[in-house]
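Structure first, then comments.
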Amino acid sequence: MAIHVVWFRNDLRVLDHEPLRNACQLANATTNDCVLPIFIVDPFWFAKTSFGFSRTGIHRKRFLKESLQDLDQQLSGLGGGLRACEGGTVDVFLDLIQQLPVASVSFHQEVASEERKMEQRVRELCSEQSVTIHASSPQTFCDWDTVPFSIEEVPEVFTKFRKVLEKRAAFPPALPAPSHFRSVKENFSLERSLNALESLDSTKKQDGPNPTMRYQGGSTAGLERLNHYLWESDCLMNYKKTRNGMLLANDSSKFSPWIANGSISVRQIGDEVTRYESQRVKNDSTYWLKFELLWRDFFIFMTAKHGKKIFHKKGIKGTAINWLDDPRLFEAWKEGETGFPLIDANMRELKLSGYMSNRGRQNVASFLTKNLGIDWRMGAEWFESQLLDYDPCLNYGNWNYAAGIGNDARGFRWFNTIKQSKDYDPNGDYLRHWLPELADLPNSLVHTPWNLPKDDQNTSDFLLGDSYPMPVVDLFESAELNQLRYEQSIGAGD
Ligand SMILES: Cc1cc2nc3c(=O)[nH]c(=O)nc-3n(C[C@H](O)[C@H](O)[C@H](O)COP(=O)(O)OP(=O)(O)OC[C@H]3O[C@@H](n4cnc5c(N)ncnc54)[C@H](O)[C@@H]3O)c2cc1C
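Position one of the sequence shown corresponds to residue 2 (the numbering used here), numbered consecutively onward.
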C-alpha cells in the first residue's frame with residue numbers, strides 16, 4: 002500500500018482542486034493505495050510580525066478554524082477527513098514519511114517568498130526520501146501556463162498586463178470535485194488536532210458597533226455568499242456602481258475572505274459570473290468583477306516577479322523614503338483616533354470585524370503614508386494581523402502601490418480624506434455607524450467635526466478633544482510636507 006498526501010494550504014476546498022484530483026487518480030489506479038489530506042498548523046504563521054503584531058489575529062484564526070472544519074466535512078463525504086498536524090512544516094512531513102509509506106505529495110504552489118522557501122524545503126526533503134512531488138500552478142484566474150510572457154517580463158503597469166491577458170491567456174473553468182477516494186484508516190479527531198488553533202484563539206467579543214456582515218469560514222458559507230450576491234439578490238448587475246460603498250454587506254461582493262484561504266476559487270466565481278451573464282444580464286458590472294479578479298492576478302504575478310522586494314522598506318521600485326517613526330501618531334491611526342472621521346471609522350471597522358472596503362483601504366493607506374509620513378510596513382503588518390482576507394501578494398502589493406514605491410507610475414498621489422468622505426458617504430451613514438459619538442452631528446459637520454462652533458459644543462454632549470479627538474495633523478500642510486520629503490527622496494535616488 003502507498004499513501005498519496007494532499008497538502009492543503011490556502012486552497013481549503015474540494016472543488017476546483019487539482020492536487021486533490023491528482024492524488025485521487027494516483028490512489029485509484031491501484032487496488033490498495035490511499036489518499037491522506039493534511040493541513041499543517043505551523044507556529045510560524047502565528048508568531049509576531051517584525052513590528053510586534055500577531056501575524057494571524059483573532060478574526061482570521063476564527064475564520065481559519067471554521068474553514069478547516071468545513072473542509073473536513075467535505076472530505077469525509079468523499080472518503081476520509083482532514084488530518085490537521087501541528088508543528089514546523091518540514092518536521093511534520095519528516096514524521097509522516099517516517100511513519101507511513103508516503104509515495105507522493107500534491108499541493109498548489111504559492112508565490113510569496115516565505116511560502117516558497119517552505120515549499121522548497123519540503124521539495125528537498127521529499128527528494129531525499131524518494132517521495133514524488135506534484136506541484137500545481139498558483140491559483141490565478143488566468144491559466145498560469147498560457148500567459149504569454151516570462152516572469153521577468155511581466156508588465157509593470159496593470160492596464161498593459163490586463164490587456165495582454167484578456168487577449169492571449171486562457172481562463173479555464175473550475176474543475177469538478179473527485180467523486181470519491183480511499184482514505185487512510187485511522188482513529189483521528191480533527192477537533193483534537195485543532196487545539197493548537199483553539200489555544201491561540203481569543204474569541205472574546207470586543208465592544209463596539211456590530212459589523213454589517215458576518216463572515217463564516219468554509220466553502221459551504223463561501224458558496225452561499227456567491228449564490229446570494231449573484232442569484233438571490235441580483236447585486237452583481239449593479240456591482241460597478243455600488244462597489245465603492247463602505248457600509249452595506251452588498252456594496253461589494255465580499256468574496257475576499259473565502260478567496261484568500263481558498264475556500265472558493267476565483268475560477269468558480271468566474272464560471273458563476275459567466276452563467277449569470279448568459280441567464281440574467283451581461284453588462285459593465287458583470288465585466289467589472291472579472292476585471293477586479295485580474296487585479297488579483299496582477300499582484301500575484303508582481304510578487305512572483307519581485308520576490309522579497311515587495312516586503313522591503315524601499316519596495317519594488319527601490320525608493321528610499323525617509324519615513325517617520327512616530328509611535329503616538331501610529332497608535333492614533335491604528336486605533337481609529339486621528340480626528341479624521343473617514344480614517345477612524347475604517348480603522349475601527351477593521352479592528353472590530355476584520356474587514357475594510359477597498360475605498361477605505363485606499364484612504365487609510367494614503368493617510369498613513371502621505372499625511373502622517375509613517376513607514377508603510379507598519380500599516381501593512383497591522384493589516385496582515387487584522388484582515389480576514391489577508392493575502393501577502395495583494396496586501397503588500399497594494400501597500401507598495403499606495404505608498405508610492407510600487408507600480409503606480411503617477412508619483413505622489415494622495416487622497417483628500419475629507420473630500421472622499423463627502424463623495425462616498427454623503428449622508429454620513431457609514432461614519433455614524435462606526436463612530437456613534439458623531440451620531441448627533443448634522444450632515445454638514447459629520448465629516449469635519451472640528452468645525453462645530455465652541456458655543457454649540459458647550460450646549461451639546463459633544464466636546465471636541467473629549468468625545469472625539471482633535472485632528473492629529475493639518476490635512477493639507479501634512480500632505481505638502483510629505484510630498485516634499487517624497488520628491489527629495491526620489492531626487493536623491495536618481
Ligand atoms: C492597502 C490595501 C491592502 C489590501 N490588502 C488586501 C488583502 O490582504 N487581501 C485581499 O484580498 N485584498 C486586499 N486588498 C484589495 C481590496 O481592497 C480587497 O480585495 C477588497 O476590498 C475585498 O472586498 P470584496 O471582496 O468585496 O471586493 P470586490 O470589490 O467585490 O472585488 C472582488 C475581488 O477582486 C479582487 N480585488 C478587488 N480589489 C482588488 C485590489 N485592489 N487588488 C487586488 N485584488 C483586488 C479581490 O479578490 C476581491 O475579493 C487591499 C487593498 C489595499 C488598498
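Don't be surprised by glycine CBs; every beta carbon is placed ideally from N, CA and C.
Backbone CA spacing between residue i and residue j [nearest angstrom]
{"i": "Asp-495", "j": "Glu-153", "result": "Note that Asp-495 scores a pLDDT of 45, beneath 50, so its modelled location is shaky; the value from the coordinates is reported in the next line. Looking at the two C-alpha atoms, the distance is approximately 23 Å."}
{"i": "Asp-424", "j": "Gln-140", "result": "36 Å"}
{"i": "Leu-201", "j": "Ile-265", "result": "In this predicted model, Leu-201 has a pLDDT of only 49, less than 50, meaning its place in the structure is not dependable enough to derive any value."}
{"i": "Asn-284", "j": "Ser-234", "result": "16 Å"}
{"i": "Ser-131", "j": "Leu-97", "result": "13 Å"}
{"i": "Phe-172", "j": "Glu-19", "result": "15 Å"}
{"i": "Thr-31", "j": "Ile-41", "result": "27 Å"}
{"i": "Arg-486", "j": "Pro-470", "result": "27 Å"}
{"i": "Cys-236", "j": "Asn-251", "result": "7 Å"}
{"i": "Val-112", "j": "Gly-316", "result": "17 Å"}
{"i": "Gln-99", "j": "Asn-364", "result": "51 Å"}
{"i": "Lys-314", "j": "Phe-302", "result": "20 Å"}
{"i": "Val-103", "j": "Leu-436", "result": "55 Å"}
{"i": "Phe-477", "j": "Phe-368", "result": "11 Å"}
{"i": "Gly-405", "j": "Phe-413", "result": "6 Å"}
{"i": "Pro-156", "j": "Trp-296", "result": "13 Å"}
{"i": "Arg-360", "j": "Trp-289", "result": "16 Å"}
{"i": "Lys-352", "j": "Asp-327", "result": "21 Å"}
{"i": "Gln-217", "j": "Lys-66", "result": "10 Å"}
{"i": "Pro-177", "j": "Arg-268", "result": "11 Å"}
{"i": "Asn-228", "j": "Gly-398", "result": "29 Å"}
Residue i burial status per 10 Å Cβ neighbour count (16 or more: buried)
{"i": "Arg-362", "result": "buried"}
{"i": "Thr-133", "result": "exposed"}
{"i": "Arg-215", "result": "exposed"}
{"i": "Pro-342", "result": "buried"}
{"i": "Glu-273", "result": "buried"}
{"i": "Asn-428", "result": "exposed"}
{"i": "Ala-261", "result": "buried"}
{"i": "Val-158", "result": "exposed"}
{"i": "His-5", "result": "buried"}
{"i": "His-307", "result": "buried"}
{"i": "Thr-418", "result": "buried"}
{"i": "Arg-411", "result": "exposed"}
{"i": "Asp-17", "result": "buried"}
{"i": "Arg-169", "result": "exposed"}
{"i": "Ser-151", "result": "exposed"}
Within 8 Å, strictly: CB atoms of residue i and residue j
{"i": "Arg-349", "j": "Gly-337", "result": "yes"}
{"i": "Pro-174", "j": "His-434", "result": "no"}
{"i": "Val-36", "j": "Val-7", "result": "yes"}
{"i": "Pro-179", "j": "Leu-79", "result": "yes"}
{"i": "Gly-81", "j": "Ser-184", "result": "yes"}
{"i": "Asn-23", "j": "His-135", "result": "yes"}
{"i": "Thr-370", "j": "Ala-403", "result": "yes"}
{"i": "Gly-340", "j": "Trp-415", "result": "no"}
{"i": "Ser-286", "j": "Tyr-230", "result": "no"}
{"i": "Phe-299", "j": "Phe-162", "result": "yes"}
{"i": "Ser-253", "j": "Ser-358", "result": "yes"}
{"i": "Ile-270", "j": "Leu-248", "result": "no"}
{"i": "Glu-385", "j": "Thr-50", "result": "yes"}
{"i": "Glu-382", "j": "Phe-9", "result": "no"}
{"i": "Asn-499", "j": "Met-2", "result": "The question about residue 499 has no answer, for the chain in this structure spans 2 to 495."}
{"i": "Met-379", "j": "Phe-331", "result": "yes"}
{"i": "Phe-64", "j": "Pro-258", "result": "yes"}
{"i": "Gly-263", "j": "Leu-439", "result": "no"}
{"i": "Gly-407", "j": "Lys-291", "result": "no"}
{"i": "Arg-84", "j": "Pro-44", "result": "no"}
{"i": "Ser-138", "j": "Leu-27", "result": "no"}
{"i": "Ala-366", "j": "Trp-400", "result": "yes"}
Range of the contiguous beta strand (DSSP E) that encloses residue i
{"i": "Leu-37", "result": "35 to 42"}
{"i": "Thr-31", "result": "No beta strand (DSSP E) contains Thr-31, which DSSP labels as neither H nor E."}
{"i": "His-135", "result": "133 to 137"}
{"i": "Arg-14", "result": "From DSSP, Arg-14 is part of no beta strand (DSSP E); its letter is neither H nor E."}
{"i": "Val-106", "result": "103 to 109"}
{"i": "Ile-302", "result": "Residue identity check: residue 302 is Phe in the sequence provided, not Ile. It is not in any beta strand (DSSP E) - Phe-302 instead sits in the alpha helix (DSSP H) that spans 285 to 307."}
Residue i - containing alpha helix (DSSP H), residue span
{"i": "Phe-172", "result": "Counting along the chain, Phe-172 falls outside any alpha helix (DSSP H), and DSSP gives it neither H nor E."}
{"i": "Ile-265", "result": "No alpha helix (DSSP H) contains Ile-265, which DSSP labels as neither H nor E."}
{"i": "Trp-498", "result": "The chain is shown only over 2 to 495; residue 498 falls outside these bounds and no answer can be derived."}
Mind the definition here: the segment 273 to 290 touches the segment 366 to 375 only if three or more C-beta pairs lie below 8 Å; say whether that holds. no
Tell me, please, whether the segment 53 to 60 touches the segment 382 to 401 by the rule of three or more beta-carbon pairs shorter than 8 Å. yes
Taking three-plus beta-carbon pairs below 8 Å as touching, is the segment 456 to 464 in contact with the segment 472 to 485? no
Decide if the segment 113 to 130 is in contact with the segment 141 to 151; the criterion is three or more beta carbon pairs, one per stretch, under 8 Å apart. no
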